[in-house]
Amino acid sequence: MMNDAIIWVIIIPLLGSLISISWSRYASLTAIISNLLALAASIVIVNQVYQSGPFIHELGGWQAGLGISLRADALSSVLLLMSMLVVSAATFYASSYFTDAVKRARFWPLWLMLVVALNALLLSGDLFNLYVTLELLSLSAVALTALSDSRAALQAAIRYLSIGLLGSLVFLAGVALVYMGYGTLDLLALSNKIDASPLSQVAFGLLTAGLLIKSALFPLHFWLPSAHASAPAPVSAALSALVVKVAVYILLRLWMDVFDQVLTPLSAMLLGTLGAIAVIWGSWQALQAQRLKLMAAYSTVAQIGYLFIFLPLIVALPEGSLKDAAFTALLLMALTHGFAKSAFFLSAGVIQQYCGHDRIAELAGTARALPLTTFVIALSGVALIGLPPSGSFLGKWYLVSSSFQAGQWWWVVVIAVGSILATAYVFRILGYAFGPRESVGRVLNGGRKEIPALILALFATLILGFGSAGLWDFVSQHRYFPGS
Amino acid sequence: MDFFDHLPLLILLSSLIPGLVIFLLREESHGLRTSLNLFGAVTKLALVGLMIWGVYHEWVSDMRWQITPDLELVLHADALSVVFVTLSTVLWLVTTIYAIGYLEHSPHRSRFFGFFSLCVTATVGLALAGNLFTFIIFYELLTLATYPLVAHKGSAEAVRGARIYLTYTLGGGVLLLIGAIWLHTIAGPIDFQERGVLSGLTQLDPWTLRWIFLFMIIGLGVKAALFPLHGWLPQAMVAPAPVSALLHAVAVVKAGAFGIIRVVYDVFGVEYADALGLLPFLGAIAAFTIVYGSVKALSQDHLKRRLAYSTISQVSYIALGAAILGPLATIGGIVHLVHQGVMKITLFFAAGNYAETLGVHHVSEMDGVGRRMPATTLAFSIAALGMIGIPPIAGFISKWYLGMGALQAGAGYWVIPVLIASSLLNAAYFLPILYRAWFKPAAEKWPKEKPQSGRWEMSGALMWPPVITAAVALLFGLFAAAPFSPLEWATLITAREYSR
Chain A
1 MMNDAIIWVI
11 IIPLLGSLIS
21 ISWSRYASLT
31 AIISNLLALA
41 ASIVIVNQVY
51 QSGPFIHELG
61 GWQAGLGISL
71 RADALSSVLL
81 LMSMLVVSAA
91 TFYASSYFTD
101 AVKRARFWPL
111 WLMLVVALNA
121 LLLSGDLFNL
131 YVTLELLSLS
141 AVALTALSDS
151 RAALQAAIRY
161 LSIGLLGSLV
171 FLAGVALVYM
181 GYGTLDLLAL
191 SNKIDASPLS
201 QVAFGLLTAG
211 LLIKSALFPL
221 HFWLPSAHAS
231 APAPVSAALS
241 ALVVKVAVYI
251 LLRLWMDVFD
261 QVLTPLSAML
271 LGTLGAIAVI
281 WGSWQALQAQ
291 RLKLMAAYST
301 VAQIGYLFIF
311 LPLIVALPEG
321 SLKDAAFTAL
331 LLMALTHGFA
341 KSAFFLSAGV
351 IQQYCGHDRI
361 AELAGTARAL
371 PLTTFVIALS
381 GVALIGLPPS
391 GSFLGKWYLV
401 SSSFQAGQWW
411 WVVVIAVGSI
421 LATAYVFRIL
431 GYAFGPRESV
441 GRVLNGGRKE
451 IPALILALFA
461 TLILGFGSAG
471 LWDFVSQHRY
481 FPGS
Chain B
485 MDFFDHLPLL
495 ILLSSLIPGL
505 VIFLLREESH
515 GLRTSLNLFG
525 AVTKLALVGL
535 MIWGVYHEWV
545 SDMRWQITPD
555 LELVLHADAL
565 SVVFVTLSTV
575 LWLVTTIYAI
585 GYLEHSPHRS
595 RFFGFFSLCV
605 TATVGLALAG
615 NLFTFIIFYE
625 LLTLATYPLV
635 AHKGSAEAVR
645 GARIYLTYTL
655 GGGVLLLIGA
665 IWLHTIAGPI
675 DFQERGVLSG
685 LTQLDPWTLR
695 WIFLFMIIGL
705 GVKAALFPLH
715 GWLPQAMVAP
725 APVSALLHAV
735 AVVKAGAFGI
745 IRVVYDVFGV
755 EYADALGLLP
765 FLGAIAAFTI
775 VYGSVKALSQ
785 DHLKRRLAYS
795 TISQVSYIAL
805 GAAILGPLAT
815 IGGIVHLVHQ
825 GVMKITLFFA
835 AGNYAETLGV
845 HHVSEMDGVG
855 RRMPATTLAF
865 SIAALGMIGI
875 PPIAGFISKW
885 YLGMGALQAG
895 AGYWVIPVLI
905 ASSLLNAAYF
915 LPILYRAWFK
925 PAAEKWPKEK
935 PQSGRWEMSG
945 ALMWPPVITA
955 AVALLFGLFA
965 AAPFSPLEWA
975 TLITAREYSR
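Chains as they are written, first to last, in this note's numbering: chain A, 1 to 484; chain B, 485 to 984.
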């Protein structure tokens, strides 16, 4: 039973999804229980990797190539744990978010399907399953976005759908080319086979292009702000914190583990440059944004940019502790952003429901009316800026030190400007929120909504800021399969 | 000594925990809040007393917490940290009493005292930081904790002042951070060490080190209000009086000055910094700031603004002391860290009292204020005379040692004129205030007088703090040679920084 945790983490939400369609009265209870069980399973998986290293599970005993293989290593198991924590918190939140019974009945099956897609994607061991899960993820994400039935949300959802399909098609073309050239889609097998040939280069380009659309790297980010800003709050949290990030995960997986013979420093530099532009542009747009959720969405564009700046550095650094440190720092940045941005979106949802709007300029008095939520906004803001004590402070520390070590000091300027802009957009909100108004609220107003966000924000700051020492050893020891 | 190892952490927790609890208190629970505040402050004082005793006997107190494979959080008590910790702890206790009196009926007291405690926690944390990484963490936390205090009144002016403060300090923070990371990549983790870490690593490129020094000094210079990075300080005057007092005497400005001392002595090593040619550069900026601040102070009619420019000038004495090679100047710089704190906090308490009791905000309204509020004005006068450098008040000791140090280092030809010019300017902007306060007849009516009640000129919680700190400033000067006086302690530090 314990050894099959890697299956349960996918099966449980799937069952939950089916149950919530059939008995919609118990849908939120089902969702809470199945997410908590899946969270437990993800902890077991991390522990398995920690105890005995990366492992592969072949479904039904069929060998790779015939059946479906699931795999877990340091990168995927840690991301899985982070997603399950975010999803569980968002589930508690969502259980008191929807007031409309019809919407609630539509929300839960889709939400659990999103969880299935996320977990299956992170644990997939071959390219085809990555494609299928990516598609499933996009479709459930689009459907969830369309749940808030405003005209803007529907337009955003349609745009999200079409651009997502385009990305999937490009990715699928890459998958087909790989299969044509190498006769297998298993990632482990491919990592030993792939060599620098015209075919592998074209396939690599197509796969990367598909993933850049999905991960909303500048200038392919245009679909993201409207979709993330108009979705219901718990959905926005999952979209920004997880859905975008798993696309980056696949990209990393392919770049670092599979196509490492094909990629050139120049291509890494290109993505790094786009990332740098994303940092500046996204932060600047976040500063201009008039609405809280739109600001958070643009901030995601910027934060994804940071992850891409790591690529040219990781490629340039010599094998060994410096490269490992840069890779772990990337992961830490991704984890921190996952927790911080989901906490931010959940809090933005609380504010939106309390005030009836999320216009930044009219937030005066929020600090007095919703002290805990304002505190969470500030805490996750600290993590978005990269101030201590937060995981992203450490991430940025290593980003800067890797830039010096790789002799690419120009990224330091980008990071400095990006951080100052982030300070400006976070404190702009706080400045308005501390503005005077009469109403005085209690510390805690809605426990089921405010406490999950607080826990996520604490993960982003104190826990990852002070307690992530183990992550570094974990990643450097269990990143690769023995022998690969 | 297991307990002694944990002492720095306990000192931090003694203000952190009351602070966090206070956030959760209701506005009306005045008694509980006050007792928590005082309990934290007194506990901290007792723990610091233990620490002084331990450090004097050279017990080592060192706590480490692994953050990443090559970054550690280190809390460490050495002679220099003890100076700053003691200063913050004593003045926190006094300022807490003052703030309780000052904010008696104003809104958001829980929020205020919560951030107030966090602010002191951050200050003490950066005093106890054992390496550059830990120092930076608390340095940034200090910025975050003081921002809401500056913005506390919530008026458009306060929010604007706070925004300017934040822009300056976080901008400086970024530069400090870049300098520190750069240093880490070439020299490994930097644990503060007497006589410097870098002086032992001779293979490093001198020009890289000079650039790093520049980055770090700019980053620290923002908080220390070195010219031309001082622009935020006069703007931050919109904060309530206890906050201004804390900002100028202990927390923010001093954090910058303390950081400069750390970087010069315990990162580079003062002799190595001199060999790199960095000290004259720092000295020139400090000297210019000293004169510039005093000149600007002359023309300010707003009392708090005049005091703010005076701070800009006075804090640079500390940087000046660090920039002159030689034990006497070092003593002068370090001892001024304490002396300036005690004197400046007195001045701000007094300014707050004038504003609170009589509505007097400007120097031109201060005619005859001495007769109406003798205790406050007496405290103000002692501190002002100390700032000018009149013996036997503490300020005289600082200037004496700085001057002697300059002569010893052969820098007398430019330092002595700066000291004389600055003292004359100090006299020129403080003495007219004293003259107005004591000798001019009072105006018919004060701008906004509160009805007098009770025996004293005002409530005791507001009157006693400046009287006490003024007395301390006087005692520090009179008994400068007594054991455990700031001067003796600075001498002890200096002996450890220079001896081989």
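Just so it is clear, CB atoms sit at the ideal spot from N, CA and C, and this is done for glycine as well.
Can you name the start and end residues of the alpha helix (DSSP H) that E972 of chain B belongs to?
P970 to Y982
Assign R510 of chain B to buried or exposed, taking buried as 16 or more other Cβ atoms, counted over all protein chains shown, within 10 Å of its Cβ.
exposed
May I have the straight-line CA-CA distance separating E58 of chain A from F171 of chain A, to the nearest angstrom?
24 angstroms
Residues of the segment 364 to 395 of chain A with a CB closer than 9 angstroms to any CB of chain B: list them in chain order, please.
A367, R368, P371, F375, A378, V382, I385, L387, P388, P389, F393 and L394
With distance defined between alpha-carbon atoms, name the residue in B:A813, B:V819, B:G743 and B:I696 nearest to L760 of chain B.
B:I696
Distance between D324 of chain A and V235 of chain A (C-alpha atoms, nearest Å):
33 angstroms
May I have the straight-line CA-CA distance separating L322 of chain A from G703 of chain B, to the nearest angstrom?
27 angstroms
Does DSSP put H541 of chain B in a helix, in a strand, or in coil?
coil
Give the C-beta separation of P54 of chain A and F481 of chain A to the nearest angstrom, bearing in mind that I take them to be a contact with Cβ-Cβ under 8 angstroms.
5 angstroms
Quick check: P388 of chain A and I877 of chain B, are their CB atoms within less than 7 angstroms of each other?
no
Just to make sure I have the definition right: I need the residues of chain B whose C-beta is within less than 9 angstroms of the C-beta of G431 of chain A. Which are they?
A635, V643, A646 and R647
Can you find the residues in the same chain that come closer than 6 angstroms, C-beta to C-beta, to T580 of chain B, ignoring five residues on each side of it along the sequence?
N521 and A525
Note the first and the last residue of the continuous alpha helix (DSSP H) segment covering H845 of chain B.
First-last for H845 of chain B: undefined, no H or E at that position.
In whole angstroms, what is the alpha-carbon distance linking A957 of chain B and G870 of chain B?
8 angstroms
Terminal residues of the continuous beta strand (DSSP E) containing L555 of chain B?
L555 to A561
Within-7 angstroms CB hit, W691 of chain B to chain A
no
Short Cβ contact (7 angstroms threshold) for L242 of chain A with L118 of chain A:
yes
Among B:A905, B:A839, B:Y801 and B:G843, which residue has its Cα nearest to the Cα of H823 of chain B?
B:Y801
Taking only beta-carbon atoms, is P312 of chain A less than 7 angstroms away from chain B?
no
Residue nearest to I455 of chain A in terms of C-alpha spacing, selected from A:S402, A:L112, A:W111 and A:K341
A:K341
Proximity test, Cβ basis, 7 angstroms: T423 of chain A and chain B
yes
Given this structure, state the Cα-to-Cα distance separating V847 of chain B from G854 of chain B, to the nearest angstrom.
13 angstroms
In or out: Y793 of chain B buried (at least 16 other Cβ within 10 Å) or exposed?
buried
Just checking my contact of A708 of chain B with I977 of chain B at CB under 8 angstroms: how many whole Å lie between their CB atoms?
Not quite, the Cβ-Cβ distance comes to about 19 angstroms (not below 8 angstroms), so this is no contact.
List, in chain order, every chain A residue whose beta-carbon is nearer than 8 angstroms to that of Q550 of chain B.
A469
Go ahead and pull the three-state DSSP assignment for E755 of chain B.
helix
Considering only DSSP beta bridges, list what N615 of chain B is partnered with.
B:D675
Decide yes or no for the touch test of the segment 306 to 315 of chain A against the segment 400 to 407 of chain A: beta carbon pairs closer than 8 angstroms, at least 3 of them.
yes
For chain A, is any of its Cβ atoms less than 7 angstroms away from the one on I621 of chain B?
yes
Could you please give the first and the last residue of the uninterrupted alpha helix (DSSP H) stretch that includes F488 of chain B?
D486 to L508
Among A:G61, A:S42, A:R448 and A:A74, whose alpha-carbon lies nearest the alpha-carbon of R253 of chain A?
A:A74
How would you label K929 of chain B, buried or exposed, when you count the other beta carbons within 10 angstroms and need 16 or more for buried?
exposed
According to DSSP, M547 of chain B sits in a beta bridge with which residue or residues?
B:L559
Y398 of chain A: CB within 6 angstroms of a non-hydrogen atom of the ligand GDP
Within the structure as shown, the ligand GDP is missing, as the structure has no ligands at all.
Quick one: any contact between the segment 465 to 473 of chain A and the segment 544 to 556 of chain B, if contact means 3 or more CB pairs under 8 angstroms?
yes
S728 of chain B, enclosing alpha helix (DSSP H) - first and last residue
A725 to A733
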